[in-house]
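The structure appears right after this line, and notes come after that.
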Amino acid sequence: MVNKKKLALFIIYIAFIIASLVFSYDPGIQIGKNFYIFALDMIKVLPFAFVLIGLFEVWVKRETIEKHLGESSGIEGYIWAILLSTTTVGGIFTTLPLAHALYKKGARLNVVITYLGAASVCRIPMTVFEISFIGLKFSIIRWLVSLPLVILIAIFIEKVFKNKYLGIPDDIE
């Protein structure tokens, strides 16, 4: 059941947006427009992304993930994680479910963390946008600095949490 406090806050939010429209309160109207645009963007991306993640979970074999991203993958696991992260669309709304699917299928923790970090650094759409405004040289330097740091942080995090229960459920309902 939905938390009553969250439901109350949502109702207050909707009431604020409606009151802003009725009384022509510009900040409230802008907040409503921003919410509408964000909701539309999510409706456009999320269903397709979740279908693709579902297909990934069904079609990609655990053995394949363990071979390329698992404990014995070595540097190849990082390369695959970075390549996969460049194709990710939808931001954190798609990277987290895909990271969970990778982890469930046997990907090594530091490879999953590398995927998450690299997805925030080097998605192709974001990089193309960045190159058009800041330039290719800046983007290359940013990648060359950021990606090794992402990998080092992932290795460090895995060492810290290696033998600890992470509280990641096997099956999320």
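Numbered according to this note's numbering, the sequence shown spans residues 3 to 175.
Ideal Cβ positions, reconstructed from N, Cα and C, are used throughout, including at glycine.
Listed in chain order, the alpha helix (DSSP H) elements of length 4 or more contained wholly in the region 53 to 93 are 64 to 71, 77 to 88.
Counting along the chain, the unbroken alpha helix (DSSP H) around Asn112 starts and ends at 111 to 123. Nearest C-alpha to Gly93 among Ala10, Lys46, Lys6: Lys46. Straight-line measurement puts the Cα of Ile13 at about 15 Å from the Cα of Gly30. Between the region 92 to 106 and the region 41 to 58, the count of Cβ pairs shorter than 8 Å is three or higher; the stretches touch. Beyond the five residues adjoining it in sequence on each side, Phe135 comes within less than 8 Å, by CB distance, of no other residue in the same chain.
A direct Cα-to-Cα measurement between Val60 and Met128 gives close to 29 Å. For a cut-off of 8 Å, the C-beta gap from Thr116 to Ile77 is around 11 Å, too long to register as a contact.
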